[in-house]
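Below is one structure, written out as structure tokens; comments come after it.
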Amino acid sequence: MYTRRFIISSLVGLLGSAAVPSWADAAARKSPPLPGRKPTPNAPKMPPRAPAVVILDPGHGGRDPGAIGVTGTEEKDVTLSVCQSIRQALAGRSDIKVFLTRDRDTYIPLPSRVAFAHEKHADLFISIHADAAPNRSARGLSAYTRAEKATDDFARRLADRENQVDAIYGFDAGATDKQTAAILIDLARRHGHNASLSAKKRIVTGVGHRVQLLENPMRAANFAVLRSPALPSVLIETGFLSNPQDEKILRNAKSRADLARYLADQIAPVAMDLREA
């Protein structure tokens, strides 16, 4: 009898009542301490786990419309709507915090978007875009991580076009101040590029069961907004506004909300795993 009481009392003392079956906890409370032995104090409760922080970056904005669709749909509107819907889909969770780099139609320089992620101590950075291509038959979702050498000419041209945005619309990336440069260096030291590759694969594989994917959807190119190699970062092209079918999907509020929900379902577990890492 004393042996059993000792085991139960030790379990409660070492692990706390939450880690012990209710019957064992009750038995320990009823049993007197062993003769000559002081009761073991309960272990301190662990503090609640901090939520994972996800930064959603709606591409373009303000004076930069991004790609223009067949019927005039502007990329900046699509990306903001999708990001807002992803945030809404995750709003009920206490284990994830979601922030947007922009929450209205405004122009944000690329380095400022990355700096914002640093300020929020992001676990995952997701930049949302909608593409356009000379070949109107091209369609489907794709995802990119950063690489010095692009996976193909298409990826290289896409990155070149995105990276020219700041120069075209009045921000000189070469004049980035020392504080922002320090932020980028710090981010690079704190995380690994492999986390971005893993996040890209999990997100694309997950949504691929629900949406049309571009051929070879997991790609890489030297995107400026992904140049914090230590911050797990993925750029998602939600479709092609130059393709009538994709534009129709991205123009429709319900279709955008469905896409956002599918993305949210994949982003959440990725962010949680990165928080645990």
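Count the sequence shown with mature numbering (1 follows the signal peptide of the UniProt record, and there is no 0) and you get residues -24 to -1, 1 to 253, in order. C-beta: ideal position from N, C-alpha, C; glycine also. Please read all numbers here as calculations on a predicted model, not as lab measurements.
- Query: Rounded to a whole number of angstroms, what is the C-alpha to C-alpha distance between G45 and L235?
  - Reply: Position 69 of the sequence shown, counting from 1, holds the residue named residue 45. Position 259 of the sequence shown, counting from 1, holds the residue named residue 235. For G45 and L235, the distance between alpha carbons rounds to 18 Å.
- Message: Quick check: what's the CA-CA separation for L117 versus K21?
- Response: Within the sequence shown, residue 117 is the residue found at index 141, counting from 1. Within the sequence shown, residue 21 is the residue found at index 45, counting from 1. Spanning the two alpha carbons is a distance of roughly 45 Å.
- Query: Nearest CA to the CA of G35: which residue from P87, L189, K224?
  - Reply: Position 59 of the sequence shown holds residue 35. Of the candidates P87, L189, K224, the one whose C-alpha sits nearest the C-alpha of G35 is P87.
- Tell me whether K6 sits in a helix, a strand or coil according to DSSP, three-state version. Here residue 6 is taken as the residue at index 30 of the sequence shown, counted from 1. The predicted position of K6 is uncertain, since its pLDDT is 48 and thus under 50; a value taken from the coordinates is nonetheless stated next. DSSP places K6 in helix when its eight states are reduced to three.
- Message: I'd like to know if the segment 183 to 198 and the segment 68 to 87 are in contact, where contact means that at least 3 CB-CB pairs between them fall below 8 Å.
- Response: no
- Between which two residues does the alpha helix (DSSP H) harbouring E252 extend? Here residue 252 corresponds to residue number 276 of the sequence shown, with the count starting at 1. First-last of the alpha helix (DSSP H) with E252: 229 to 252.
- Query: Taking DSSP as the reference, what is the three-state secondary structure of T121?
  - Reply: Along the sequence shown, read from residue 1 onward, the residue named residue 121 stands at position 145. T121 falls in the strand class under three-state DSSP.
- To the nearest angstrom, how far is it from the Cα of R69 to the Cα of L217? What you label residue 69 is simply residue 93 of the sequence shown in a count that begins at 1. What you label residue 217 is simply residue 241 of the sequence shown in a count that begins at 1. So the alpha carbons of these two residues sit roughly 32 Å apart.
- Is DSSP giving R80 helix, strand or coil here? For the purposes of this step, residue 80 is taken as residue 104 along the sequence shown, with counting starting at 1. Reduced to three states, the DSSP call for R80 is coil.
- Message: Tell me the rounded alpha-carbon separation between residue 255 and R122.
- Response: Residue 255 is absent from the model: the chain starts at -24 and stops at 253.
- Taking D129 as the reference, which of A106, I104, A197, A43 has the closest Cα? Position 153 of the sequence shown, counted from the first residue, corresponds to residue 129. Looking at the Cα atoms, A197 is the closest of the given residues.
- Task: Please report the residue range of the beta strand (DSSP E) in which V30 lies.
- Result: Here residue 30 is taken as the residue at index 54 of the sequence shown, counted from 1. Segment 28 to 34, the beta strand (DSSP E) holding V30.
- A229 versus T77 - alpha carbon distance: The sequence position of residue 229 within the sequence shown is 253, counting from 1. The sequence position of residue 77 within the sequence shown is 101, counting from 1. So the two alpha carbons sit approximately 21 Å from each other.
- Item | Secondary structure of G182, DSSP reduced to three states | Position 206 of the sequence shown, counted from the first residue, corresponds to residue 182. Helix, per DSSP.
- Message: Going by beta-carbon coordinates alone, are R237 and Q188 separated by less than 8 Å?
- Response: Here residue 237 refers to the residue found at position 261 when the sequence shown is read from its first residue. Here residue 188 refers to the residue found at position 212 when the sequence shown is read from its first residue. No, the Cβ-Cβ distance between R237 and Q188 is not below 8 Å.
- Kindly indicate which three-state DSSP category S70 falls into: helix, strand or coil? Here residue 70 refers to the residue found at position 94 when the sequence shown is read from its first residue. Three-state DSSP puts S70 in coil, outside helix and strand.
- Are the CB atoms of I31 and A244 nearer to each other than 8 Å? Locating residue 31 in the sequence shown gives position 55, where the first residue counts as 1. Locating residue 244 in the sequence shown gives position 268, where the first residue counts as 1. Their beta carbons are not under 8 Å apart, which means I31 does not touch A244 by this criterion.
- Residue burial classification, S57 (beta-carbon count within 10 angstroms, cutoff 16): Position 81 of the sequence shown, counted from the first residue, corresponds to residue 57. The residue is buried, with at least 16 neighbouring Cβ atoms inside 10 Å.
- Query: Near H97, what residues of its chain come up, given a Cβ to Cβ distance below 8 Å and the 5 sequence neighbours on each side ignored?
  - Reply: On the sequence shown, position 121 is the one that residue 97 refers to. Excluding sequence neighbours, H97 sits near V29.
- Pull up the distance between the alpha-carbon of D107 and that of K224, whole angstroms please. Counting from one through the sequence shown, the residue named residue 107 turns up at place 131. Counting from one through the sequence shown, the residue named residue 224 turns up at place 248. Going by the C-alpha atoms only, they are around 14 Å apart.
- Message: So, at 6 Å on beta carbons, what are the nonlocal neighbours of K52 in its own chain, with the 5 sequence-adjacent residues on each side left out?
- Response: Locating residue 52 in the sequence shown gives position 76, counting from the first residue. For K52, where only same-chain residues beyond five positions count, the Cβ hits under 6 Å are H36, G37, P41, G42.
- Item | Inter-residue Cα distance where the pair is P208 and A247 | For the purposes of this step, residue 208 is identified with residue 232 of the sequence shown, where counting begins at 1. For the purposes of this step, residue 247 is identified with residue 271 of the sequence shown, where counting begins at 1. Taking the straight line joining both Cα atoms gives about 9 Å.
- Around the Cβ of A2, are there at least 16 other Cβ atoms within 10 angstroms (buried) or fewer (exposed)? In the sequence shown, the residue the question calls residue 2 occupies position 26. For A2, the predicted model reports a pLDDT of 42, less than 50, meaning its position is unreliable and no value from the coordinates is stated.
- Going by beta carbon distance, what residues of the same chain come within less than 8 Å of residue 254, once the five residues before and after it are set aside? With the chain represented from -24 up to 253, any question about residue 254 goes unanswered, as that position is not in the structure.
- Task: Would you tell me roughly how many angstroms separate the C-alpha atoms of L66 and G48, rounded to the nearest one?
- Result: In the sequence shown, the residue the question calls residue 66 occupies position 90. In the sequence shown, the residue the question calls residue 48 occupies position 72. Approximately 30 Å, taken between the alpha carbons.
- Task: Kindly list the residues whose CB is nearer than 8 Å to the CB of G182, restricted to its own chain and excluding five residues on each side of it in sequence; keep chain order.
- Result: If you number the sequence shown from 1, residue 182 lands on position 206. Excluding sequence neighbours, G182 sits near Y238, D241, Q242.
- Message: Quick check: the Cα distance between R251 and T214, rounded to an integer number of angstroms?
- Response: As a working mapping, residue 251 is identified with position 275 in the sequence shown. As a working mapping, residue 214 is identified with position 238 in the sequence shown. So the two alpha carbons sit approximately 25 Å from each other.
- Have a look at D249 and L211 and give me their C-alpha separation to the nearest angstrom. The residue labelled residue 249 in the question sits at position 273 within the sequence shown. The residue labelled residue 211 in the question sits at position 235 within the sequence shown. The alpha-carbon atoms of D249 and L211 are separated by roughly 19 Å.
- Kindly indicate which three-state DSSP category A91 falls into: helix, strand or coil? In the sequence shown, counting from the first residue as 1, residue 91 sits at position 115. If DSSP states are grouped into helix, strand and coil, A91 belongs with the helices.
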